[in-house]
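**Q**
Numbering (the working numbering), first residue to last: 302 to 463.
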């Protein structure tokens with residue numbers, strides 16, 4: 302039994318700790334923040350939101366409830382399972398991808414929501430510039446994109462136009 306508990310905690314540390322080397326650590330988006338971000342993005346029903354680092358699925362669920370399609374990328378397999386469970390009622394609208402969004406090809410999308418740390422914002426800016434199909438908006442929770450001026454800001458959520 303002790304060995305099973307050890308392996309369980311070892312896996313938790315691995316899944317939650319190792320992602321720091323590839324992206325931001327898991328921090329849930331506050332309920333108020335997710336609503337502010339979705340309001341700033343002002344998307345229409347049927348449009349697609351790309352959530353980079355989708356965590357526990359809270360933002361994906363809120364977006365789906367607004368009639369949006371959502372594609373979320375998440376590194377942590379435990380959080381992928383939690384997201385899939387949380388968004389199960391919106392299976393037609395929500396797709397959760399287990400993997401690193403920096404190395405994956407992005408599907409078509411209309412806007413992006415992200416909650417990364419400063420360390421990865423320049424890399425994200427470069428990836429967006431290489432991959433966006435048209436003018437789009439990016440809502441960033443708490444962290445600014447270096448060298449880019451937000452078009453709006455509300456309570457720590459920055460809205461950028463590309």
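All C-beta atoms, glycine included, are put in the ideal place defined by N, C-alpha and C.
A quick note: this is a predicted structure, and the numbers were derived from the prediction, not measured.
If you pair each beta-carbon of the region 380-389 with each one of the region 408-424, do three or more pairs fall below 8 Å?
**A** Too few Cβ pairs lie closer than 8 Å, so no.
**Q** Just to confirm, are residue 357 and residue 380 a CB contact at a threshold of 8 Å?
**A** yes
**Q** May I have the straight-line CA-CA distance separating residue 396 from residue 448, to the nearest angstrom?
**A** 31 Å
**Q** Indicate whether residue 339 and residue 371 have their beta-carbon atoms separated by less than 8 Å.
**A** no
**Q** Please classify residue 346 as buried or exposed, where buried requires at least 16 other C-beta atoms within 10 Å of its C-beta.
**A** exposed
**Q** For residue 444, which residues in the same chain have their Cβ closer than 7 Å to its Cβ, ignoring the five residues on either side in sequence?
**A** Excluding sequence neighbours, residue 444 sits near 417, 418, 419 and 422.
**Q** Is it right to say residue 368 is buried, meaning 16 or more other beta carbons lie within 10 angstroms of its own, or is it exposed?
**A** exposed
**Q** According to DSSP, is residue 452 part of a helix, a strand, or is it coil?
**A** coil
**Q** Over what stretch of residues does the beta strand (DSSP E) that includes residue 429 continue unbroken?
**A** Note, residue 429: premise wrong, no beta strand (DSSP E); alpha helix (DSSP H) at 419-432.
**Q** With a threshold of 16 other CB atoms inside 10 Å of the CB of residue 432, please say whether the residue is buried or exposed.
**A** exposed
**Q** Given a cut-off of 8 Å, decide if residue 341 and residue 439 are closer than it, judged by their beta-carbon atoms.
**A** Taking 8 Å as the cut-off, the Cβ atoms of residue 439 and residue 341 do not count as close.
**Q** Could you pull out every residue in the same chain whose Cβ sits closer than 6 Å to the Cβ of residue 450, ignoring the five residues on either side in sequence?
**A** When the five nearest sequence neighbours on each side are left out, no beta carbon in the same chain lies closer than 6 Å to the beta carbon of residue 450.
**Q** Whole angstroms is fine: what's the gap from residue 378's alpha carbon to residue 355's?
**A** 11 Å
**Q** Is residue 411 buried or exposed, if buried means 16 or more other CB atoms sit within 10 Å of its CB?
**A** Flag for residue 411 reads buried.
**Q** Measure the alpha-carbon distance for residue 335 versus residue 392 and round it to whole angstroms.
**A** 20 Å
**Q** Starting from residue 365, follow the alpha helix (DSSP H) in both directions and report where the run begins and ends.
**A** Here the alpha helix (DSSP H) through residue 365 covers 359-366.
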